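Participant: In the working numbering, the protein residues as written are 342 to 456.
1. What are the start and end residues of the beta strand (DSSP E) that includes residue 401?
2. Taking the straight line between their C-alpha atoms, what separation do you get for residue 372 and residue 365?
3. From residue 360 to residue 402, what does the alpha carbon distance come to, in whole angstroms?
4. With 16 other CB atoms within 10 Å as the buried threshold, where does residue 426 fall?
5. Could you tell me whether the stretch 390-408 touches the stretch 418-425, where touching means 3 or more Cβ pairs closer than 8 Å?
6. Measuring CA to CA, which of 438, 437, 344 is closest to residue 331?
7. Among the candidates 438, 437, 435, 342, whose CA atom is the shortest distance from the CA of residue 388?
8. Between the Cα of residue 363 and the Cα atoms of 429, 407, 417, 418, which residue gives the shortest distance?
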């Protein structure tokens, strides 16, 4: 998806237009993620570029899209450019010493004594 999204259209409320824009982006992401993955691929990742125009767009993290859109809307910008390109992603295995996300670094014996 390479598109310039307007944030101001005469006759449309800016908040509704902003939510419609976010909905369109989420719908595109969901549609891309539901496509069949090639062999050896765990998930669809996205290359993202964001800016006021295609010439000024800079690379951003996928998770920062909504925050950037909200920032542009808060600045009363007329429009923004978003480029989302799907690419295959492969999960990296954890190192043996890394704690899991729900582990919190405590051993099972420590957790049992706290109860």
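By construction, the Cβ of each residue, glycine as well, lies at the ideal position given by its N, Cα and C atoms.
Since we're looking at a predicted model, the values are computed, not measured.
Facilitator: Well, looking at it:
1. 399-401
2. 11 Å
3. 21 Å
4. exposed
5. yes
6. Residue 331 lies beyond the range of the chain shown here (342 to 456); nothing can be said about it.
7. 342
8. 407
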